[in-house]
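Numbering (the working numbering), first residue to last: 2 to 186.
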């Protein structure tokens, strides 16, 4: 009887996250619709810097995949959601992190991307606990950036969208744990 009650309690508690992914206190929906396309939550990961949880990221794809090259190379819509969990993500720190991520993961094309990277970085200021950046990569249409539901702008070029995804899924991600989480591992 006691085992049954424990099992029932666990089942009840686990039911509260049905339809959503949860990590480090951040809940993201299992699915989103973008331009009439249903995207599924592929995975979630935490970006930590010196033991501080900076943000929780979620990767949404039309088809789930654990293959970073296939994700970056696919001709489908992708979305990255970054939910900030600290007030310590200053504009200066974020600017440096973005630039380092692009340079480290797209070194051969960074010169061609540099102006667009600067424009993209300019969309964002200091990030506060609870802020949310939504980045939607739509092949042929560009990469749309929103902050707390407000559209900030769109960066043209599929090469930019691919380079942006490589920031997390490339050879030099912010952390291997974050990359693995986004890949659903």
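Beta carbons: idealized from backbone N, C-alpha and C, even for Gly.
**Asked** Excluding the five sequence neighbours on either side, which residues of its own chain have a C-beta within less than 6 Å of the C-beta of residue 99, listed in chain order?
**Response** As a first step, residue 99 is located in the chain shown; it is residue number 98 there, counting from the start. 122.
**Item:** Completely contained alpha helix (DSSP H) runs for the segment 66-116, where each covers 4 or more residues
**Value:** 69-74, 92-106
**Message:** Could you compute how far the alpha carbon of residue 169 sits from the alpha carbon of residue 30?
**Reply:** Here residue 169 refers to the residue found at position 168 when the chain shown is read from its first residue. Here residue 30 refers to the residue found at position 29 when the chain shown is read from its first residue. For residue 169 and residue 30, the distance between alpha carbons rounds to 20 Å.
**Any alpha helix (DSSP H) of 4 or more consecutive residues that is wholly inside the segment 125-177** = 159-170
**Request:** Specify whether the segment 120-140 and the segment 173-184 touch according to this definition: at least 3 beta carbon pairs, one from each stretch, less than 8 Å apart.
**Result:** no
**Prompt:** Roughly how far, in whole angstroms, is the beta-carbon of residue 55 from the beta-carbon of residue 85, given that I think they are within contact range, below 8 Å?
**Reply:** Working through the chain shown from its first residue, we reach residue 55 at position 54. Working through the chain shown from its first residue, we reach residue 85 at position 84. Yes, residue 55 and residue 85 are in contact; Cβ-Cβ is about 7 Å, under 8 Å.
**Asked** Name the DSSP beta bridge partners of residue 54, please?
**Response** On the chain shown, position 53 is the one that residue 54 refers to. DSSP lists 49 as partners of residue 54.
**Message:** Could you tell me the alpha carbon to alpha carbon distance between residue 162 and residue 150, rounded to whole angstroms?
**Reply:** To locate residue 162, count along the chain shown from 1; it is residue 161. To locate residue 150, count along the chain shown from 1; it is residue 149. C-alpha separation (whole angstroms): 20 Å.
**Request:** Please state whether DSSP places residue 62 in a helix, a strand or coil.
**Result:** What you label residue 62 is simply residue 61 of the chain shown in a count that begins at 1. If DSSP states are grouped into helix, strand and coil, residue 62 belongs with the strands.
**Request:** For residue 166, I'd like the list of residues in its chain whose CB is within less than 6 Å of its CB, leaving aside the five on either flank, ordered along the chain.
**Result:** The residue you call residue 166 lines up with position 165 of the chain shown. So the qualifying residues of the chain are 73.
**Message:** Using the Cβ count rule (16 or more neighbours within 10 Å means buried), how would you classify residue 83?
**Reply:** Along the chain shown, one-based indexing puts residue 83 at 82. Looking at its Cβ environment, which holds 16 or more other Cβ atoms inside 10 Å, residue 83 is buried.
**Alpha-carbon to alpha-carbon, residue 137 and residue 154** = For the purposes of this step, residue 154 is identified with residue 153 of the chain shown, where counting begins at 1. For the purposes of this step, residue 137 is identified with residue 136 of the chain shown, where counting begins at 1. Going from the Cα of residue 154 to the Cα of residue 137 covers about 11 Å.
**Request:** Compute the distance between the beta-carbons of residue 45 and residue 33, then report whether it is under 8 Å.
**Result:** Taking the chain shown and counting its residues from 1, one reaches residue 45 at position 44. Taking the chain shown and counting its residues from 1, one reaches residue 33 at position 32. Contact: no.
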